[in-house]
Amino acid sequence: MKKILGITGLLVAVFVFTAALEPNFLTAYNLQNTLRWTALFGIISIGAAFVIITGGIDLSTGSVVGLIGVLLPMLLVGQGWSIPLALAAVVVVSLILGLLHGVLVTKVNLQPFVVTLCGLLFYRGIARWITGDATQGFGTAFEGFRQLAIGRIPLTDSFGVPMPFVVLVVLAVLAGLFLNYTVWGRYMMALGHNEEAARFSGINTDRMVILAYVIGTVTAGIGGVLFALDVNSVQPAVHGNFYELYAIAAAVLGGCSLRGGEGSILGVVIGAAVLRVLYNAINILGIPTQLEFAIIGAVILLGVMADELVKRFVVARSAAREVV
Amino acid sequence: MLRLFRSGKPVEVRPIQNPKSKIQNRLLLAAEHITKRFPGVVALRDVGLDLGQGEVLAVIGENGAGKSTLMKILAGVQPPDAGAILLDGEEVVITSPRHAADLGIALIHQELNLLPNLSVGANIFLGREPQRAGWMQQRQIFADSEKILARVGLDFSPNLLVQRLSIGHRQLVEIARALSAEARVLIMDEPTSSLSTGEAEVLFGVIDDLRGRGVSIIYVSHRLREVETLADRVVVLRDGENAGELARDQITHDAMVQRMVGRDVSQFYVRTPHEVGAEVLAVQDLISPAWPDHPLTFSLRAGEIVGVAGLVGAGRTELLRVLFGIDRALGGRIAVGGEAVTLKSPRDAIAAGLALVPEDRKQQGLVLDLAVRQNLTLAGVWRHRLAGGWLNRKQEAEDTARMIDTLAIKTPTETQAVRLLSGGNQQKVVLGKWLSLKPRILLMDEPTRGIDIGAKQEIYRMMETLARDGIAILFVSSELEEILGMSDRVLVMHDGYITGELARDALSEEAVMHLATGRVDDFGF
Amino acid sequence: MRLFKHEILLIILIAGTLTLGGCGQKQDGAADRPTVGFVTNGIASFWVIADKGANDAAEEFDVNVEVMMPSDGPAGQRRLVQDLLARGVDGIAISPSDPKNQGGLLDEIAANADLITHDSDAPESSRLVYVGMDNYEAGRMCGRLLKKAMPDGGSVVLFIGLLGQLNADLRRQGVIDELLDRSHDSSRRDPVDQVIEGDKYTILDTRVDQFDFARAKGQAEDALARYPDLDAMIGLFVYNPPQILEAVREAGKLDQITIVGFDEDDDTLQAIKDGTVVGTVVQNPYRYGYESVRVLAALARGDRSVLPESKFIDIPAREITAENVDAFWAELKQLVGE
């Protein structure tokens, strides 16, 4: 809980600041949109967090989002598959990609950075090749299915909870339970801190690492489905570009250490929310778009720095308490 | 007779009897009232030490006595919490290793600090490269390095890459580096711990030579025999405090041990005779990947404590790794409780009833940043899981409480990160991790390394208790006393072989050392 | 020894590559046809149509054409152009992403092959001709569409993929100048971060999305949130109108917001049919590709008569509204072979 205090504070600060400057920020319409974007990015961030917790990194997220994003409309519109079949197919594809990453990292002993970097390049290339760079879309025939991304559950006349947010909550709860209340979650935390000690304790660390990569690509796949349904037209060359970095940024903001072993799902979701609220704030305050990366970079840096300072303060205080 | 001053009071310094030394008896360096705290432990309490020019001062003490901490303070690696350091009679505040080097104090680390991918010359001048207008003066580095290497008795080219040197030579290069920086005080922390006998002798020659040139040396070691031959004076530390000082003519093995341990050694290792049970581990022609030509055969009985002695690199750790499934055996048979087992991973070994307290506690035994509870249950959570893979939190809490209680683990809460515990308590956590699985065979690699004397005794008592409960213990130790004190039986290894097996009544330091140094031929002389 | 092995492997690889490459060239050269390059400024369905035009022309005028689509802007263009030059193409038609700073690259092409520009011009280079439309005029056309649909004026937000690229800048300026009833001056530039107020129309903002569709949608949503009383939205790149449409539809503001588009995305055309988008201004990418290759083919054979005095081959933009959308769409479908 202590860990997510800082990031929650940051979220509240950006939120209050923006709301104070621009009342339209608080309209039901805008809040709905921000929630939906938070959900979409939050989902892929959860996957990134699992990989980071086991001490790895997944750079392929954006390309998986892109690949799944073109596969789904291709299967539905191009091949005329049924929705459940197409969904099952893309989930299986993303699962296989994760399996591949995990096996290459554990059994072939390649560095995660390299494996997933090659994934980033490879899947993007495949997505462009199978589509011939042609934009893919669902047209108007799948409005019902698209509700999964653009629909919402109405609470009041004007405000409804966006469907992706429901998906996010379900996934986050599952992920949180998995990480904190199952043996496998415990194993992942342990091996993220110290793989050797975990192996010496009888843990099949390879299997856990592979599982983390599978979770990483499957959430990226789910994200890919939702992103595609949301924008309805998927450009193979750019759809999902850099999303891995947003996912990693959200995970790090949410308290994951790139050294592994640390992180909370709630923190990651809040991290994703911070990023989305920032984006929204930049647009809604009319700050020139050109500045957006600079602002986001600066805020992430500040957040991480503040977190580090708080940590040091806590350690120093507990050390002081110890000795007397 | 000269008078030196320490803590404001005149102190008498006797001329050193060692005929080889040319001590000028000028006080060079003094540490006064040094106190240093770490989270959870006071490493040094009001410790003092002084060093004359051209003197070899040995600092001895058990692991955890504070030797290394004191050396780090003198070398500027860590600042003291209280106390003063005087150099040439003037108080200095040493802010960094670099600053210490500027003052002429150099620390030769336990873990060598050379960069293996650079040349010897580059290492000697690392950080002090002679340069002209920004250009490194390679030729000067070469020439100066050659000269300085000659002073430590090395005659190879400074262009050689450090990675091609033996450990012993690397140590000498480190010393050469210190000398080239015009060190007046050399601090050597366990310099012989990874050296062969021959290499160590070369080192002693160099030390002797340096002493003759007026270089002062602080020599930290727990190898008392080296200290006996080398030191002009001995300072003993115990539990972070001064525990006496021995002049040259007082330096004897017994005198040192008595001051280090602070109690009668004979009561330290508590063994009560008890029945040993049936054979639980039978190892036949086991071949570890490190020594493909050296098959190992031995067995272990329930309730028996078997020590594995030998020098560093004799193959003891490798044996335990194979037994625990970390490395795959290349051949041979292992039977546990009469049943043949194949150990392909630690999981297999654990399933067969084995447990390992590994050599490197912090890296292999514990997940330092996880809580005491999570470490204690790391190996057992799977066995105690609920259906569906859920953690059994209730069982976890019970196991944790029981282990903290039975092992007397000192921790403020069970959610405390293990990192913050003392070495002894950390080791108890490693032990506790296994006990909830009720292993039949406990493998221990250097079980008391780096823990304080009280905790050591507790570990010994636990080993005794476990053995009495019928657990078979196979432990590797480099501390001969521990081997002699705890073992029912000793396997001695050398160069990958088991060179001999000694029953308790045949145990003696000499017998073990003979086997350990591989002199099988004249064993039984 | 290890090193040695690696070197041998490397040599074999290089030798193999060269041999294969050589073979390939021989095959191409066997037909003795000139080869020309057609370089786009990105990857889009727009360029797929241009690709078709280029290939049709290549067949008709008996040349080989290499259509190159960079995924990363000017850097990608440099790489692809240099590849083309290395293969000794006779001419290159390029849509420069950043003509101001690509002088060196354009000079490099001009020194080694015939250089023409298409889609977006680089007037300061030594290009032989520019094939395309006048983006400034097209922008004004877009503005006129809005004026017609919303004669009483109102507030407008513009959406665009990238600024700094000449055609994008001109397009935006054309819209603004038309809405403010200014004189025709394509060298004018209004700053991005200021509200531009005219007598009737107010341009509140211009949002840039870097070709990220998801972000384009997000920005449309944010604009709707920020300006609850917004009257009109204009999307200047091909994917902008559909994303605007999505956002407006989800906000339930189809009645309030007037949308004007650019280019001929299927969703945009459908929306024009449905009446949710007022109209769009379309270019003729097929003709860009076709004319570029036609000119380059002639130049490769030494025929310079294809170059007009004005150094401008105008492929005029067209307004598509509910009146002519069906006919246009049918024509388009036929072009892309559907």
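Protein chains in written order, with the numbering used here: chain V, 85 to 408; chain R, 47 to 571; chain C, 3 to 340.
All C-beta atoms in this analysis are idealised placements derived from N, C-alpha and C, irrespective of residue type, glycine included.
Item, Value
"Considering Cα atoms alone, identify which of C/Pro98, C/Arg174 and C/Asn43 is closest to valine 194 of chain C.", "C/Arg174"
"Counting Cβ pairs, one atom from each stretch, are 3 or more of them under 8 Å apart for the segment 312 to 329 of chain V and the segment 381 to 395 of chain R?", "no"
"Is the Cβ-Cβ distance between threonine 260 of chain C and methionine 143 of chain C less than 8 Å?", "no"
"Taking contact to mean 3 or more Cβ pairs, one atom from each stretch, closer than 8 Å, check whether the segment 81 to 91 of chain R and the segment 125 to 133 of chain R are in contact.", "yes"
"Excluding the 5 residues preceding and the 5 following lysine 118 of chain R in the sequence, name in chain order all residues of the same chain whose CB lies nearer than 6 Å to its CB.", "Gln124"
"Does DSSP put tyrosine 203 of chain C in a helix, a strand or coil?", "strand"
"With three or more beta-carbon pairs closer than 8 Å as the criterion, would you say the segment 223 to 243 of chain C touches the segment 110 to 117 of chain V?", "yes"
"Quick check on tyrosine 292 of chain C - is its C-beta less than 8 Å from some C-beta in chain V?", "no"
"Assuming leucine 97 of chain R contacts isoleucine 264 of chain R under a Cβ cut-off of 8 Å, what Cβ separation, rounded to an integer in Å, is found between them?", "6 Å"
"If you measure from the beta carbon of tryptophan 121 of chain V to each beta carbon in chain C, is any gap under 8 Å?", "yes"
"Should the segment 247 to 255 of chain C be regarded as contacting the segment 310 to 317 of chain C, the criterion being three or more beta carbon pairs within less than 8 Å?", "no"
"Just the Cα atoms here: how many angstroms apart are alanine 382 of chain V and leucine 359 of chain V?", "12 Å"
"Expressed to the nearest angstrom, what Euclidean distance is found between the alpha-carbon atoms of arginine 407 of chain R and glycine 112 of chain R?", "19 Å"
"In chain order, which continuous runs of the beta strand (DSSP E) of length 3 or greater are located wholly inside the segment 369 to 414 of chain R?", "377 to 382, 385 to 387 and 400 to 403"
"Output the residue ranges of the beta strand (DSSP E) runs that lie fully inside the segment 208 to 246 of chain R and measure 3 residues or longer, sorted by chain position.", "231 to 235"
"Does the structure place the segment 398 to 418 of chain R close enough to the segment 469 to 489 of chain R that three or more beta carbon pairs sit under 8 Å?", "yes"
"Return the residue from the list R/Thr457, R/Gly434 and R/Thr461 that minimises the CA-CA distance to glutamate 442 of chain R.", "R/Thr461"
"I'd like to know whether the C-beta of valine 398 of chain V is nearer than 8 Å to at least one C-beta of chain R.", "no"
"Considering only the alpha carbon of each residue, which of R/Arg259, R/Ser191 and R/Leu327 lies closest to alanine 518 of chain R?", "R/Leu327"
"Could you tell me which residues DSSP puts in a beta bridge with tryptophan 436 of chain R?", "V/Thr266"
"Listed from N- to C-terminal order along the chain, which residues in the segment 288 to 317 of chain C have their beta-carbon within a distance smaller than 9 Å of any beta-carbon of chain V?", "none"
"Would a C-beta distance cut-off of 8 Å place valine 298 of chain V and leucine 179 of chain V closer than the cut-off?", "yes"
"Less than 8 Å between CB atoms is the rule here; does lysine 275 of chain C satisfy it with respect to chain V?", "no"
"In whole angstroms, what separates the C-alpha of glycine 269 of chain V from that of threonine 423 of chain R?", "14 Å"
"Which residue or residues does DSSP assign as beta-bridge partners of tyrosine 543 of chain R?", "R/His540"
"Where do the ends of the beta strand (DSSP E) carrying phenylalanine 40 of chain C lie?", "37 to 41"
"CA-CA distance, leucine 238 of chain C and alanine 170 of chain C?", "8 Å"
"Quick check on methionine 182 of chain R: buried or exposed, where buried means 16 or more other Cβ atoms within 10 Å of its Cβ?", "exposed"
"Measure the alpha-carbon distance for alanine 227 of chain R versus histidine 185 of chain V and round it to whole angstroms.", "50 Å"
"Along the chain, where does the beta strand (DSSP E) that runs through asparagine 278 of chain V open and close?", "Counting along the chain, asparagine 278 of chain V falls outside any beta strand (DSSP E), and DSSP gives it neither H nor E."
"Can you check DSSP and say which residues form a bridge with arginine 209 of chain C?", "C/Phe161"
"Between the segment 439 to 459 of chain R and chain V, which residues of the former have CB atoms less than 7 Å from a CB of the latter, in chain order?", "none"
"I'd like to know if serine 285 of chain V contacts chain R, where contact means its C-beta is closer than 8 Å to some C-beta of that chain.", "yes"
"Pull up the distance between the alpha-carbon of glutamate 321 of chain R and that of glutamate 350 of chain R, whole angstroms please.", "9 Å"
"Residues of the segment 223 to 245 of chain C with a CB closer than 8 Å to any CB of chain V: list them in chain order, please.", "Glu223, Asp224, Ala225, Leu226, Ala227, Arg228, Tyr229, Pro230, Tyr241, Pro244 and Gln245"
"Using a beta-carbon distance below 8 Å, is methionine 272 of chain V in contact with chain R?", "no"
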